[in-house]
Amino acid sequence: MISLAKYSLWQFRDFVLERGIAIVLIGSLWGYVMFEPLRRAMGPQWTGDQTSPVWGVALQVASAVVSLSVLIAVNGIVSGDRKAGYYRFLFSKPINPVIYYAQLFAVYMVGVLVAMLILSGLLRTIFPAFSVRNFLLYAGLIYVAMGGIGFFLSVATRYDWLTLAVVWLGSRILRSVYGSRNDWRSKAVELLPPVHKLDEMANSLIGRGSADTSDAVWLVGYGLVFFVLGLVILRRGSLAD
Amino acid sequence: MPGASDHSAARAIVIEFKNVGKTYRSLLGNSVKAVEEFSLVVAKGEILGIAGPNGAGKTTLIAMMLGYLRPTAGTVEIDGLSARHYVERNGIGYLSELVAIPPKWRAYTALVRYATLAGIPDGEIHQRVGYVIELLGLSEHRDKKVKALSKGNLQRLGLAQALLRDEKILVLDEPTHGLDPVWTQRFRDIVDGLRRPDRTILIASHNLDELQRLADRVAIIDRGRLQRLVSTGYEHATPAMTRFRIAVARGHELVRAALPQAEEAGRDEFNVTVHSIQELNSTLANLIAQGVLVASVVPEHSVLEQQFREAVGESS
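Chains as they are written, first to last, in the numbering used here: chain A, 187 to 427; chain B, 164 to 479.
Shown next, in the form of structure tokens:
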């Protein structure tokens with residue numbers, strides 16, 4: 187356990203070099219490309235507060251950057267070691283793979299939050315009303331909700347990035363098609379990942395600093411259930427393909 | 164099965180495969196039996212070789228021994244614990260057939276990482292890493308990225324990480340794969356140096372000569388089954404092992420006269436067929452007494468080669 191805790195510094199270093207820099211670069215470029223032309227065009231009319239016409243766009247971009255960052259962070263978190271065969275030397279050492287990957291998931295969450303802290307700091311320079319605290323809260327919530335499912339898929343499949351994207355998009359589409367009907371299909375789609383709650387969660391949590399508790403619990407709970415399911419499969423299944 | 168039980172009776176059992184089977188099933192329902200009804204005990208202090216043709220199941224067996232794969236039948240126990248449980252508690256020095264280390268890691272930092280995971284105390288990590296780097300001749304490559312290492316150097320790095328800790332069990336899968344002759348010999352010396360009464364070593368290899376030199380016993384497997392368990396010592400030399408190649412430095416005519424049935428096998432060499440090792444010794448004694456200077460005596464096929472050919476077939 188102590189050796190694993192010490193190894194978390196290496197895991198964090200890996201995150202920074204392999205994913206964190208990419209996340210910050212993508213987020214910065216995205217923000218720059220979206221807002222810099224608008225800021226120039228609006229000139230002195232640009233206020234950057236909640237009454238600004240671009241405030242809603244800022245929330246949408248911030249929310250999308252969080253989703254993309256989580257996708258980048260958990261992509262191959264378990265399946266990568268399996269595909270490349272790195273598990274062989276890692277787990278011949280006296281460590282528990284379940285704790286190793288649970289720790290990796292937590293370390294990557296810290297990494298995502300640090301990246302979001304940097305990006306929200308940059309965003310605040312043009313949107314002074316943007317709350318870093320609320321944004322980090324939202325990022326943490328989405329990391330658990332979406333990352334938990336990503337973690338499960340990384341344990342269960344080799345193509346987790348693709349699978350997560352299909353699950354995420356598929357859930358949105360199926361919910362929009364069957365969600366409002368009054369038959370068994372509307373009940374069935376309720377079991378799908380609660381992606382429909384993300385937009386409202388972004389608006390309420392990042393924008394106003396408050397969110398519907400049941401929505402937050404539903405999102406976090408859904409992610410946690412899949413995360414734990416991933417750990418159970420890791421414990422009971424085979425490390426090798 | 165010669166040697167199958169006498170070793171375990173004399174020494175404490177460390178590793179036990181009990182009727183182990185592993186069947187791979189595809190999503191379409193096709194199944195392939197990689198290992199079937201495999202039972203074997205390995206004693207403390209023993210060096211056990213695992214030999215078999217490609218696809219015989221060697222790597223699958225090792226993966227089950229490390230707990231990377233779960234058997235579909237039977238159990239693998241190490242020191243009375245399930246394999247995975249043992250590894251998580253104690254660790255095993257393991258060199259895999261394919262050395263997979265992230266290509267961007269540098270050789271030295273890779274070893275520091277593995278040493279951290281192995282639980283080596285902070286104060287000893289650099290000393291221990293320095294020792295294995297020196298032992299495996301990696302000093303000039305220590306700051307290179309893994310992707311910049313040659314196959315042989317990568318293999319040595321793999322072996323270095325397996326030797327970081329003073330492990331009670333070492334598992335080496337095709338350890339000399341990719342090594343040049345100098346390092347192949349050096350590897351043999353290293354393994355000889357690792358032999359200890361409380362350390363058990365498993366070596367899977369295609370190289371029968373290597374196993375003959377290093378192992379106490381060799382499990383010959385084919386099509387996922389244990390075919391034979393062979394003691395590599397000559398005390399169990401079989402009647403089949405009766406052809407020897409004798410090289411002489413002096414007295415060729417005397418050999419031809421004393422052994423008219425001997426076949427000339429090149430310059431200074433004769434192939435001689437005898438019925439036993441005793442007959443070989445008395446023949447040599449006679450030749451030497453007559454003034455023949457014997458340079459070397461080598462069995463045409465080692466005990467292991469002969470057993471392997473019989474168990475697996477000439478085609479392998």
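All C-beta atoms, glycine included, are put in the ideal place defined by N, C-alpha and C. Bear in mind that the values here come from a model prediction, so they are computed numbers and not experimental data.
| Check | Outcome |
| --- | --- |
| Should residue 425 of chain A and residue 273 of chain A be called a contact, given that it needs their Cβ atoms to be closer than 8 Å? | yes |
| For residue 184 of chain B, which option in B/206, B/232, B/453 has the closest C-alpha, if you only look at C-alpha atoms? | B/232 |
| What does residue 482 of chain B touch in chain A if you count any residue whose Cβ is under 8 Å from its own? | Given that chain B is displayed from residue 164 to residue 479, the structure contains no residue 482 of chain B and the question cannot be resolved. |
| Taking residue 386 of chain A as part of the beta strand (DSSP E), name the residues at either end of that continuous run. | From DSSP, residue 386 of chain A is part of no beta strand (DSSP E) but of the alpha helix (DSSP H) over 383-387. |
| With DSSP as the reference, label residue 373 of chain A as helix, strand or coil. | helix |
| From residue 372 of chain A to residue 351 of chain A, what distance separates their C-alpha atoms? | 22 Å |
| Check the DSSP bridge columns for residue 240 of chain B and list the partner residues they point to. | B/179, B/245 |
| Count the other CB atoms within 10 Å of the CB of residue 438 of chain B; is the residue buried (16 or more) or exposed (fewer)? | exposed |
| Using CA atoms only, rank isn't needed, just tell me which of B/465, B/245, B/326 is closest to residue 294 of chain B. | B/326 |
| Express the C-alpha separation of residue 299 of chain B and residue 201 of chain B in angstroms, rounding to a whole number. | 34 Å |
| For residue 410 of chain B, write down the residues that DSSP places opposite it in a beta bridge. | B/432, B/459 |
| Taking C-alpha atoms, which residue in A/298, A/394, A/256, A/427 lies nearest to residue 341 of chain A? | A/427 |
| Within the 8 Å Cβ cut-off, does residue 253 of chain B reach chain A? | yes |
| Rounding to the nearest angstrom, what Cα-Cα distance links residue 474 of chain B and residue 258 of chain B in this structure? | 27 Å |
| Please classify residue 277 of chain A: does DSSP put it in a helix, a strand, or coil? | coil |
| Below 8 Å, how does it come out for the stretch 241-248 of chain B and the stretch 271-290 of chain B: are there three or more Cβ pairs, yes or no? | no |
| Under 8 Å between C-beta atoms, does residue 279 of chain A make it to chain B? | yes |
| Under 8 Å Cβ-Cβ, which residues of chain A neighbour residue 324 of chain B? | 275 |
| Name the two residues that bound the continuous beta strand (DSSP E) containing residue 275 of chain B. | Unbroken run through residue 275 of chain B is the alpha helix (DSSP H), 270-280; no beta strand (DSSP E). |
| Got a sec: is the Cβ-Cβ distance from residue 424 of chain A to anything in chain B below 8 Å? | yes |
| Residue range of the alpha helix (DSSP H) that residue 386 of chain B falls in? | Note, residue 386 of chain B: premise wrong, no alpha helix (DSSP H); not H, not E. |
| Check residue 294 of chain B in the structure and name its three-state DSSP category. | helix |
| Under three-state DSSP, which class holds residue 333 of chain B? | strand |
| Give the secondary structure of residue 233 of chain B by DSSP, where H, G and I count as helix, E and B as strand, and everything else as coil. | coil |
| Using a beta-carbon distance cut-off of less than 7 Å, what residues from the stretch 263-281 of chain B approach chain A? | 263, 264, 265, 276, 277, 279, 280, 281 |
| Which partner residues does residue 211 of chain B have in the DSSP bridge list? | B/365, B/380 |
| Around the C-beta of residue 348 of chain A, are 16 or more other C-beta atoms found within 10 angstroms, so that it is buried, or is it exposed? | exposed |
| Relative to the alpha-carbon of residue 310 of chain A, which residue among A/328, A/345, A/248, A/228 has its alpha-carbon at the smallest distance? | A/248 |
| For residue 282 of chain A, which residues in chain B fall below 8 Å Cβ to Cβ? | 251 |
| Applying the criterion that 16 or more other CB atoms from any shown protein chain within 10 Å of the CB defines a buried residue, is residue 451 of chain B buried or exposed? | exposed |
| For the beta strand (DSSP E) containing residue 313 of chain A, list its first residue and its last residue. | Segment: none, residue 313 of chain A is in no beta strand (DSSP E) and carries neither H nor E. |
| Within 10 Å of its beta-carbon, does residue 339 of chain B have 16 or more other beta-carbons around it, so buried, or fewer, so exposed? | buried |
| Using the beta-carbon count (16 or more within 10 Å), is residue 235 of chain A buried or exposed? | exposed |
| Nearest to residue 319 of chain B by alpha carbon, out of B/285, B/264, B/186? | B/264 |
| Counting Cβ pairs closer than 8 Å, one from the stretch 235-246 of chain A and one from the stretch 203-217 of chain B, do we hit at least three? | no |
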